[in-house]
Each structure stands twice: as C-alpha cells, then as structure tokens.
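There are 2 protein chains.
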Amino acid sequence: MLEQGIEGASVRNIAKEAGLSLGSLRYYFHSQEELMKYARELVSERITQRVDKIFASDKNPNEKILEVLLELLPQTSKLGREPKVRLFFKTLAVQPEKTAAVDQDGVYLAVKNVMSNLLLLNFIKKNLDIGIETERLYALINGLALNSLLNPDELSAQRVEEIILVHLNSICKESVK
Amino acid sequence: MLEQGIEGASVRNIAKEAGLSLGSLRYYFHSQEELMKYARELVSERITQRVDKIFASDKNPNEKILEVLLELLPQTSKLGREPKVRLFFKTLAVQPEKTAAVDQDGVYLAVKNVMSNLLLLNFIKKNLDIGIETERLYALINGLALNSLLNPDELSAQRVEEIILVHLNSICKESVK
DNA sequence: TCTTTATTAACACAGTTGTACTATAAAAAA
DNA sequence: TTTTTTATAGTACAACTGTGTTAATAAAGA
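In order, the protein sequence lines correspond to chains A and B. Read left to right, the first sequence gives residues 0 to 176 (numbering that gives the first Met the number 0). Read left to right, the second sequence gives residues 0 to 176 (numbering that gives the first Met the number 0).
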C-alpha cells in the first residue's frame with residue numbers, strides 16, 4: 000500500500016512481499032476480504048496500543064494530549080507507517096457496500112479518549128457541547144491526515160502541530176496554556 | 000463512481016453508462032488518465048461555479064458563508080453528486096505518484112474565499128493567524144466530508160450544519176451571531 | 001458528385017485480478 | 001513406523017483491465 004497504493008495491494012503482491020506463494024497465503028486467509036479485515040484491525044489495534052501507552056506515561060496532561068493527537072497523523076506520528084495505512088483503508092472504505100464501522104477505528108477511540116480526559120481535567124470551556132466538539136475534532140484529525148498526505152510540502156509536521164494547538168486552545172479555558 | 004465505487008469507474012463501464020462503445024469513448028479521450036482528468040476538473044469547476052453563484056446572491060453575509068460551506072459537503076449540498084464525486088477523486092489521489100495539486104481543488108478555493116470574506120467583513124477574532132485558520136477550516140471540511148460519507152447515520156445533515164456553525168462562531172467575534 | 005473529415009463500433013492483445021484445485025513436503029500424533 | 005495434520009507451492013480458470021488497430025458509417029466541404 001505504501002509503495003504502490005491501494006491498487007498494488009493485490010493478494011499476489013502481498014504474498015510476494017511476505018515471501019509466500021499465492022497458495023500459502025490463501026491457506027491462512029481464505030479470501031481477500033479476510034486478509035484486508037485482518038490488516039485493518041491490526042493497524043487499528045497498534046494505534047490504540049500506542050495511544051494507551053502515551054496516556055499511561057508520566058508526563059503532564061497537556062503534553063500527553065498533544066502527543067496522542069499528533070500520533071494519529073501520518074506526518075507527525077512516531078509510529079510511522081500505521082496512521083498512513085489507516086488512512087488508506089479509510090479512503091478504501093469510501094465505496095458503496097464497503098462501509099467500515101467507526102467504532103473499530105482506533106483514531107475515533109483516541110479522539111473520544113482525549114475529549115473525556117479534557118472534560119475530566121475540567122479544561123473544557125463552558126457551554127460547549129461535548130458530542131459536537133468530539134465530532135469536530137475527529138473531522139479535523141481526519142481532514143489533516145488526508146491533507147497532509149496529499150500535500151506534505153504545504154502541510155508540514157510543524158504546521159500540523161500548530162493547527163492542533165490552535166484547536167486545543169480554542170476549546171480549552173484561558174487558564175490552560 | 001456513485002454506484003460501484005472507484006473500482007467500478009473503468010473505461011468500459013463509463014462508456015456503457017454514457018451509451019457509447021469502448022472505441023467511441025476512446026475517440027474523445029485517448030487514455031483513461033485523460034478521461035479522469037477531465038472529470039476531475041469538471042467537478043471542481045461546477046463546485047466553484049455553484050460557490051460563486053451563492054456569493055453573488057443578495058443574502059446577508061452570514062447566510063452566504065454558511066451556505067457556501069454546506070455546499071461543499073456530500074450530505075448537505077444542493078448540488079447533489081458533485082461533492083461526493085470530488086471526495087472520490089480526492090481519496091483516489093491518495094496514491095503514490097498520483098498526487099493532484101491542491102490549487103485545482105474547488106473546495107480549497109471556496110474555503111480561502113470564505114476566509115478572506117470573513118476578514119474583509121471584520122468578523123474574525125483578533126490574534127488569529129489567517130493562514131492557520133484557513134488550513135484548519137479546510138481540514139475540517141475534508142474531514143466532515145469523509146466522515147459524513149462513511150457514516151451518514153451518525154453524521155446527519157443537521158449535525159454537520161451544527162458543527163460548522165460552532166466552528167464559525169469559534170473564529171468570529173461575539174457580536175456576529 | 002467526389003473527397004475528406006468526424007464519428008461510431010467491433011475485435012484483438014497482453015496483462016492482472018480473485019479464487020479454486022491439486023500435489024508435495026514437513027511436523028505431529030498414533 | 002504409520003497415519004494424520006499442518007504448511008507450502010504450483011497451476012488453471014474465468015473475468016476483468018487499459019490500450020491498439022481496423023473497418024464501417026455519417027457529415028461536411030470542394
């Protein structure tokens with residue numbers, strides 16, 4: 000996927016990349032859909048694990064939350080390949096009859112996690128609707144992921160971080176900076 | 000594209016949908032890339048035209064701006080198919096060596112237009128970086144487009160409008176409501 | 001009327017796709 | 001040792017892909 004795009008992710012190419020024959024690969028995965036589903040869930044799990052690890056570290060909350068959000072984006076993730084591949088699957092799902100559920104999206108879980116943490120810390124400005132703010136942040140993350148992948152030059156890692164900081168500041172109280 | 004997804008957009012299927020033979024279609028478009036480029040630009044142009052039309056209407060600025068932004072999203076556009084197809088092309092571009100330039104994206108032009116209008120009207124809060132706010136709004140629009148297409152049930156048209164209104168209010172002065 | 005151009009259709013070619021089936025080798029169990 | 005799983009590889013098939021070529025038809029111009 001990273002080298003040849005979605006079209007290159009054929010069963011044959013994947014088998015070749017894995018050093019297996021076509022028959023061998025199909026011994027483990029009886030269909031392409033099964034293989035794709037496994038990969039999709041694997042990527043989601045890895046992202047979730049990485050996010051949990053950051054949350055479990057002993058930094059201050061502000062740093063944690065920023066680091067988590069940056070970890071979800073292709074340009075700024077230390078994980079490297081996973082957020083990019085996740086977006087590939089996401090765009091692949093933009094197909095009739097192939098819609099993947101949101102709940103199994105590690106990024107959505109991470110965003111919800113970030114928001115409930117901000118709420119628990121009493122960082123959120125008054126009169127904000129948490130549901131709407133969660134979906135707004137989730138959309139921002141997905142949009143940044145898409146844009147930074149399509150236009151890495153204009154939307155650099157530093158730029159992405161600036162935008163996320165601006166957004167966080169806009170939903171957090173003045174005192175938190 | 001709308002019926003069978005990106006994979007269904009083969010030269011043969013398009014010819015059939017257009018009521019032409021394969022040879023006839025290739026008389027006008029010598030390659031698939033040429034055909035795709037034409038369609039991509041056509042969609043972008045239509046969106047731009049629609050946006051210009053709204054800006055040229057005689058409503059009050061607040062209404063215009065909201066209407067323009069809603070027009071860029073699949074669920075809320077009165078244009079109907081174009082924003083959805085545009086997103087298909089956008090996700091199609093998430094492929095190595097196939098990156099389409101941002102400048103020819105009608106949606107990006109529209110967002111820039113919205114921001115400079117807000118600035119001209121003196122609606123924007125003080126101390127905001129216009130460049131960053133433009134990219135933030137552009138990412139939000141693309142994210143909303145992606146999410147509402149993948150999850151039309153949770154992210155309904157009304158919900159999308161609420162989110163956009165919240166975002167506009169967050170970057171505009173208190174007096175503008 | 002004759003000739004040139006525009007338009008349509010049909011077929012062929014080489015390549016790729018997902019899937020199914022079969023034979024072979026290694027490992028484990030009896 | 002024999003038998004049964006586990007694992008790997010190879011091949012075949014039908015369907016599709018983009019592209020190229022060639023023939024036939026309609027329209028327009030000289």
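Just so you know, even glycine gets a beta-carbon here, dropped at the ideal spot from N, CA and C.
is_contact[residue i, chain A] using C-beta, thresh 7 Å
| i | result |
| --- | --- |
| glutamine 80/B | The residue you asked about is not glutamine; residue 80/B is arginine in the sequence shown. No - not a single Cβ of chain A is within 7 Å of the one on arginine 80/B. |
| isoleucine 13/B | no |
| isoleucine 131/B | yes |
| glutamine 94/B | yes |
| glutamate 33/B | no |
| glutamate 161/B | yes |
| leucine 149/B | yes |
| glutamate 16/B | no |
| valine 165/B | yes |
| glycine 22/B | no |
| threonine 75/B | no |
| arginine 85/B | no |
Reference residue i; option with closest CA among the options
| i | options | result |
| --- | --- | --- |
| leucine 145/B | Asn126/A, Thr90/A, Phe28/A and Gly22/A | Thr90/A |
| glutamine 74/B | Leu19/B, Ile163/B, His166/B and Val159/B | Val159/B |
| valine 50/A | Tyr37/A, Ala38/A and Ile64/A | Ile64/A |
| phenylalanine 88/B | Ser76/B, Val106/B, Leu117/B and Leu78/B | Val106/B |
| asparagine 141/B | Leu118/B, Met0/B and Leu108/B | Leu108/B |
| leucine 120/B | Asn59/B, Gln94/B, Arg39/B and Thr47/B | Asn59/B |
| lysine 172/A | Ala156/A, Asn126/A and Gly130/A | Asn126/A |
| glutamine 48/A | Arg25/A, Glu70/A, Glu153/A and Glu16/A | Glu70/A |
| leucine 180/B | Gln94/B, Val93/B, Glu62/B and Ile53/B | Residue coverage of chain B in this structure runs from 0 to 176, which leaves residue 180/B outside it and unanswerable. |
| glycine 130/B | Ile123/A, Val165/A, Phe122/A and Ile131/A | Val165/A |
| glutamine 3/B | Gln94/A, Gln3/A and Leu19/A | Gln94/A |
| arginine 135/A | Arg25/A, Val84/A and Leu167/A | Leu167/A |
| glutamate 66/B | Leu19/B, Asp152/B and Ile46/B | Ile46/B |
| valine 84/A | Asp57/A, Asp128/A and Met35/A | Met35/A |
Segment limits, alpha helix (DSSP H) that includes residue i
| i | result |
| --- | --- |
| glutamine 48/B | 31 to 55 |
| arginine 135/A | 129 to 149 |
| glutamate 16/B | 10 to 17 |
| arginine 80/A | Per DSSP, arginine 80/A belongs to no alpha helix (DSSP H) and is neither H nor E. |
| serine 76/A | It is not in any alpha helix (DSSP H) - serine 76/A carries neither H nor E in the DSSP assignment. |
| glutamine 103/A | Premise fails: glutamine 103/A is in no alpha helix (DSSP H) and is neither H nor E. |
| isoleucine 170/B | 156 to 170 |
| isoleucine 64/B | 60 to 70 |
| glycine 22/B | 21 to 27 |
CB contact check: residue i to chain B, cutoff 7 Å
| i | result |
| --- | --- |
| glutamate 40/A | no |
| alanine 138/A | yes |
| isoleucine 123/A | no |
| glycine 142/A | yes |
| serine 155/A | no |
| glycine 4/A | yes |
| isoleucine 146/A | The sequence shown places asparagine at residue 146/A, rather than the isoleucine named in the question. Judged by the 7 Å Cβ criterion, asparagine 146/A is in contact with chain B. |
| threonine 90/A | yes |
Residue environment, residue i, which counts as buried when at least 16 other CB atoms sit within 10 Å
| i | result |
| --- | --- |
| arginine 80/B | exposed |
| leucine 104/B | With the sequence shown as reference, residue 104/B is identified as aspartate, and leucine is not the correct amino acid for it. So aspartate 104/B counts as buried. |
| alanine 138/B | buried |
| alanine 55/A | exposed |
| leucine 41/A | exposed |
| leucine 117/A | buried |
| serine 43/A | buried |
| alanine 17/A | exposed |
| leucine 1/B | exposed |
Beta-carbon contacts of residue i that lie in its chain and below 8 Å, excluding the five residues immediately before and after
| i | result |
| --- | --- |
| tyrosine 37/A | Phe28 |
| leucine 72/A | Pro82, Ile140, Leu143, Ala144, Ser147 and Val159 |
| threonine 133/B | Val110, Lys111 and Met114 |
| glycine 7/B | Met0 |
| lysine 124/A | Ile170, Cys171 and Lys172 |
| leucine 24/B | Val10, Ile13, Ala14, Ala17 and Leu34 |
| leucine 149/B | none |
Nonlocal neighbours in the same chain, by C-beta distance under 7 Å from residue i, ignoring five residues either side
| i | result |
| --- | --- |
| leucine 21/A | Val10, Arg11 and Ala14 |
| isoleucine 5/B | Phe87 and Leu91 |
| alanine 156/A | Gln74 and Thr75 |
| glutamine 31/A | Val10 |
| proline 151/B | Gln74 |
6 Å Cβ shell around residue i - same chain, five flanking residues per side excluded
| i | result |
| --- | --- |
| glutamate 161/A | none |
| leucine 68/B | Ile163 |
| arginine 39/B | Phe88 |
| leucine 154/B | Asn146 and Ser147 |
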